[in-house]
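All remarks here apply to the structure that follows.
Residue numbers (our numbering): 5 to 159.
In structure tokens form, the structure reads like this:
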């Protein structure tokens, strides 16, 4: 799953642990065509330090596919808008109370498809405010035990 300021990528049908093989397969199937069609292949990928993102195989494939990356600091969900979006999705899904794996999958896909560009844009643009707060904290975590939410002032 991916986002830019105006649209989202399709959801992916992997609801299990994602290793390098799965990550690269999804990447090749969804991200590469999305990036080429929307950005002529020139978009940069923001990814965290999940093992499947930083494995030798993944790094080799990204070089092979000429995918530019923007390295993200480890343990910095407070600066990563997708982490805030995941938290938003988790909260919405919890409210629905899915009881079976099938209901959970349906809730995940439905929630992803209903994320509006406005909501995601607010999270993405909130990085600026988050960076200022990190500088003020001299590099400290700005979450302090809780996630930044859509309701907080991110401008």
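Even for Gly, the Cβ is constructed at its ideal location relative to N, Cα and C.
Beta-bridge partners of residue i, as assigned by DSSP
i	result
residue 49	73
Element boundaries [alpha helix (DSSP H), containing residue i]
i	result
residue 65	60-68
residue 26	24-30
residue 37	36-43
residue 97	85-100
residue 132	121-140
residue 143	From DSSP, residue 143 is part of no alpha helix (DSSP H); its letter is neither H nor E.
residue 54	Element bounds for residue 54: n/a, residue is neither H nor E.
residue 105	105-117
Length of the line joining the Cα atoms of residue i and residue j
i	j	result
residue 139	residue 104	44 Å
residue 112	residue 119	11 Å
residue 27	residue 34	10 Å
residue 48	residue 142	27 Å
residue 52	residue 75	7 Å
residue 21	residue 146	29 Å
residue 29	residue 46	20 Å
residue 62	residue 126	30 Å
residue 114	residue 40	26 Å
residue 85	residue 107	26 Å
Residue i classed as buried or exposed, judged by whether at least 16 other C-beta atoms fall within 10 angstroms
i	result
residue 77	exposed
residue 152	Confidence at residue 152 is low in this model, with a pLDDT of 47, below 50, so its placement is unreliable and the value that follows should be read with caution. Residue 152 should be labelled buried.
residue 82	buried
residue 123	exposed
residue 55	exposed
residue 130	buried
residue 37	exposed
residue 134	buried
residue 32	exposed
residue 98	exposed
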